[in-house]
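So the sequence shown is numbered by our numbering: it starts at 3 and just counts up by one. All C-beta atoms, glycine included, are put in the ideal place defined by N, C-alpha and C. In what follows, a single structure is set out as structure tokens and then discussed.
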Amino acid sequence: MCSNCGNEFSKWAGQCSACHEWNSLREVKSLGREIKGSRRRKSTGEPKVKNLGEVKTTKEVVSSVFSTEIKEFDRVLGKGIVRGQVVLFAGEPGIGKSTLLTQLIGKIGGLYVAGEETAEQISLRVERLGLDKGKFDILETNSIEEIEEVMNRVNKLFKIVVVDSIQMMMTESNASTPGSVGQIRESTFRLIELAKKTGVAIFIVGHVTKEGDIAGPKMLEHMVDTVLYFEGERNGELRILRVDKNRFGATDEVGVFKMEEKGLREISSEEVSLIDSKVAQIGSTVTMVMEGTRPLLVEIQALVTESYSPMPKRIFSGIDFNRGQLLVAVAQKVLGIPLYKDDVFISVSGGIRISDPASDLAVIGAIYSSYKDVALKSKPTPGPSLDKEGRKNNLVLIGEVSLLGQVRKVKMMEKRVKEIKSLGKEVPTIYSIKELKELI
Ligand code: TYD
Ligand code: MG
């Protein structure tokens, strides 16, 4: 079975022919029962035809949505949590999954299934986060059967259930070891059945590791209703909650948090700024990208240095490698700078990945600034908020760059400009990257 996508094969191969992942095939014992078969509805004897007019849907569905009481979380989920919803909450170990879900239960109450930590450890975290212990029911277990037993008790209905983590869970109906692909898949399947049966929403924590040694989230993606990724730089404070799949809402929204002493704090629009420095610096530009409907001010840093290698380095983090290569080529051609002799390093502040092409101009701006060894500032015009030379250093560069170096308009420009002005910054109107020469 492929530990990345869950496809099954009759023999081993170095690469999964379904998802093309390398070294992801693991030998598994055949599952005790046919999953697909058990998923089918049981026949009740008489086939029943329902008139759609009699099927209760919208009202029930709408009224069964409730808020997480964490604004950024609601934004990502669509409106909130849906009855019986199963959410896979994925992220690298240590990124803050347990912290955020602890905070969620602290707000709305629920059952925390502790597979990794003891109740004491969780209690300490709850204290540290300043949350109400009364909101928490804790079940220390690694057994799916025990979770089923607790959730099937009719006298106690939980608002939500957090299972931390799926890698630690096991079910007796599967013979393989905990953490194995078979166990993870079967355990997830059983939790989904449980959520649908009881109507209680379940958040399943899933660790993602780069090695892909444990079951990849892709394998569970098609089973659950919603897949959330919690990401960010482990050593940085910024955390981004991204939605990868959502049966009940859009998938382009993100939530932004900051990891602090007292847990994760939601960040308001004005605070989103990831800018490290307040003054214009050599090799640094600022851009505004849209993550869903949320504007994010991001700093791009570039380092252009003379290369001592016949194959100059191109090392980019936070932007797509091919896009970066292309922008380097456009800068070389249109700005006439011989970058083929130089190593070019580019990074995005906050450890986030950006895919919005509106950042193109800022990437080229940062490269140009580093190459020229001069910080980019506005064209000299008299007015307030000027530096010693009478030039502003609070530029935000926005624009998609074409192969010819033309700067194109981007979506939601008005919204971005409004946001930038409200932050006391400026967006210069630029039609070609050649105009960057006027900014040094
Ligand atoms: P955690 O939620 O345990 O990560 P995960 O469940 O994804 O593995 O978060 C672990 C890190 O978060 C840990 O390095 C300490 C840090 N942290 C804080 O900075 N502030 C806090 O209030 C808490 C609870 C954790
Ligand atoms: Mg954890």
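Query, Result
"Length-filtered (3 minimum) beta strand (DSSP E) runs lying within the region 151 to 219", "162 to 166 and 203 to 209"
"Own chain residues within Cβ distance below 6 Å of S319, not counting five before or after", "S349"
"Bridge partners - N248, DSSP secondary structure assignment", "T228"
"Cα-Cα separation, R187 to A197", "15 Å"
"Closer than 8 Å: K264 CB and nearest ligand 1 heavy atom", "yes"
"beta-carbon P95 near ligand 2 non-hydrogen atom, thresh 8 Å", "yes"
"Every unbroken beta strand (DSSP E) inside the region 284 to 336 [3 residues or more]", "286 to 293, 296 to 308 and 316 to 319"
"Three-state secondary structure (DSSP) of E268", "strand"
"Cβ-based neighbour list, K73, same chain, cut-off 7 Å, excluding 5 preceding and 5 following", "E268"
"Identity of the residue in V229, M171, S434 and L397 nearest L193 by Cα", "M171"
"C-alpha distance - E119 paired with G208, whole-angstrom precision", "15 Å"
"CA-to-CA distance, G86 to R43, given in whole angstroms", "Here R43 scores only 48 on pLDDT, less than 50, and its place in the model should not be relied on; the value that follows carries that caveat. The alpha-carbon atoms of R43 and G86 are separated by roughly 18 Å."
"In DSSP terms, what W24 is bridged to", "Q17"
"K99 Cβ short of 8 Å to ligand 2 heavy atom set", "yes"
"F250 versus F259, M261 and T228, residue with shortest Cα-Cα distance", "T228"
"Span of the beta strand (DSSP E) around A116", "G112 to A116"
"Three or more C-beta pairs below 8 Å linking the region 245 to 265 and the region 321 to 338", "no"
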